[in-house]
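Below you'll find the structure, written out as structure tokens, and then a few comments.
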Amino acid sequence: MNAGEQTIDWLYREQLQVDEQWSVRTERGFTWWADQNAQTIEILGEETGPDGDVGYLIGVRTEMVTDLDLTAAALGDLNEGPMRCAALSGPVYDAQTRTLSLCSLARVHEEIAPWMTVVIGAAAVTQIAEAGVLGPGLAQSLGAQPASSGHPQHGRRPEADEMVYAVSLFVDEGKEPCQWPAEQFDAAVDDFMRQPPSLIASAGGQGFTVEFPYGPNSSLCQVIGTQPHPLYGNGLLVLQRFPYQVASQEMGVELALTLNGAELTRNVTGYGFGSYVYDNGMLCFTGFVPNALHRQIALPNLYFACAARARAMSLWLLDADWGGASFSPEHSAIGRKLMSDNNNE
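In structure tokens:
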């Protein structure tokens with residue numbers, strides 16, 4: 060089996076321990092019902108890297124809300140709720156089925172499979188919990204219906220699978236302090252962020268801030284270990300900001316959902332664990348890595364994933380790819396301020 064098939068098999072047999080009675084095998088994965096929400100885990104694509112290694116795009120999708128029309132009010136509720144408070148997945152809307160699902164997407168190849176499969180499994184577990192706990196209330200506020208369903212032959216589960224309660228591991232470990240110590244942030248900045256693809260970077264306590272090229276300016280990325288998640292407690296908040304003005308807040312949220320559909324189901328740039336959200340003229344990507352994943356997610360890997368997203372957003376939004384001139388210090392916020400001050404003298 061290749062790395063993608065091995066990942067699917069490990070998730071089915073080991074991590075999620077899927078009951079065959081409540082699952083359906085698909086051509087490249089499976090759909091199963093841990094409770095009342097269908098979850099599909101599949102290989103969605105393949106990529107060949109410059110060294111010839113093949114990466115496999117593993118998608119996790121859990122149906123959450125159905126019979127949903129994206130009115131202005133619904134868009135506002137989504138933006139302020141599941142999009143802004145995303146952890147390891149983000150909402151994706153299917154206009155044909157009028158269904159909102161939680162989605163995650165990750166690239167897996169032989170080198171990273173041992174730890175990335177654990178992260179994908181964590182995304183699956185948290186999706187199950189969020190769809191079951193938050194889905195009914197969200198459906199009510201959106202004027203929609205919970206996306207509950209059952210196995211095509213065996214119907215609805217009479218009792219939930221034990222995996223529904225596995226999310227307690229993340230909640231319990233989130234009660235401990237952030238598991239990434241301050242010295243790891245300092246080391247990540249010193250070892251990797253004093254040169255491109257960073258424009259400028261700094262660490263302070265349990266966090267780092269870095270600027271990436273964004274057209275003639277820069278985009279801001281922060282990884283913060285001191286801001287708990289409302290569901291999962293302590294861990295790492297990941298926040299990237301991309302200035303982008305549109306005609307209205309509604310259009311901005313629609314764009315954020317469109318980007319979710321691209322990055323969380325088809326074309327992952329960094330790690331597809333989180334969600335876009337629109338906020339005051341900014342397209343932001345936000346995600347949260349729970350404490351329980353501190354052995355899997357290393358800060359340098361997270362940094363380079365954010366860099367890949369920053370490059371993609373500069374290209375997608377501004378049609379400005381990175382080149383040698385992109386890393387001129389004058390593109391950073393402080394560089395732009397110094398140039399402005401000099402021009403005003």
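Residue numbers for the sequence shown follow the working numbering, beginning at 60 and rising by one.
The C-beta atom is built at its ideal place from N, Cα and C for all residues, glycine as well.
Asked, Found
"Straight-line Cα distance separating L161 from V226", "16 Å"
"Spatial neighbours of Y291 in its chain, beta-carbon cut-off 7 Å, leaving aside the 5 residues before and after", "A146, F229, V230, G233, F347 and P349"
"R300 beta carbon less than 8 Å from that of L279", "yes"
"Element boundaries [beta strand (DSSP E), containing I283]", "N276 to I283"
"Distance CB(D94)-CB(V297) smaller than 8 Å", "no"
"The segment 325-345 / the segment 247-263 touching (three or more Cβ pairs under 8 Å)", "no"
"Buried/exposed call for R354, threshold 16 Cβ in 10 Å", "exposed"
"Nearest candidate by alpha-carbon position, reference P240, set A203, H210, V269 and V282", "V282"
"Own chain, CB closer than 8 Å to L295, minus 5 neighbours either side, in chain order", "C237, W239, V282, I283, G284, F347, V348, I356 and L361"
"Own chain, CB closer than 7 Å to S82, minus 5 neighbours either side, in chain order", "F89, T90 and W91"
"Touch test, the segment 117-124 against the segment 243-253, Cβ-Cβ under 8 Å, three pairs minimum", "no"
"Beta-carbon spacing of G329, G149 below 8 Å", "no"
"Those residues which DSSP pairs with S160 across a bridge", "E122 and V151"
"Three-pair Cβ contact test at 8 Å for the segment 96-109 versus the segment 213-223", "no"
"Contact check, V167 vs G111, beta carbons under 8 Å", "no"
"Buried versus exposed, by CB contacts within 10 Å (16 or more), D400", "Bear in mind that the predicted position of D400 carries a pLDDT of just 49, short of 50, making it unreliable; the figure below should be weighed with that in mind. Flag for D400 reads exposed."
"Same chain, Cβ closer than 8 Å to E169, five either side skipped, listed in chain order", "A62 and D112"
"Neighbourhood of V177 by C-beta, 7 Å cutoff - its chain only, sequence neighbours within 5 removed", "Q355"
"Whole-angstrom C-beta distance between Q65 and A172, which should lie under 8 Å", "7 Å"
"Cutoff 6 Å; reference M372; Cβ partners in own chain excluding five residues on either side", "F301"
"A181 and A351 closer than 8 Å at C-beta", "yes"
"Whole runs of the alpha helix (DSSP H) within the segment 290-368, excluding any shorter than 4 residues", "308-322"
"C-alpha gap between D378 and P217, whole angstroms", "52 Å"
"Distance, G135 Cα to V151 Cα", "15 Å"
"Endpoints, the alpha helix (DSSP H) within which T176 is located", "A172 to L201"
"Cβ pair N96, G191 closer than 8 Å", "yes"
"Buried/exposed call for R72, threshold 16 Cβ in 10 Å", "exposed"
"Pairwise C-alpha distance: D153 and G320", "9 Å"
"Burial state of D380, where buried means 16 or more other Cβ atoms lie within 10 Å", "exposed"
"Spatial distance of Q199 from P275 (CA atoms)", "44 Å"
"Host alpha helix (DSSP H) of A132 (start-end)", "A131 to E139"
"Distance between beta carbons of T158 and A206, contact taken as under 8 Å", "6 Å"
"Member of G202, T317, Q80 and V119 whose CA lies at the smallest distance from the CA of T130", "G202"
"Per-residue DSSP class, three states only, for R84", "strand"
"Coarse secondary structure for Q74, derived from DSSP in three states", "helix"
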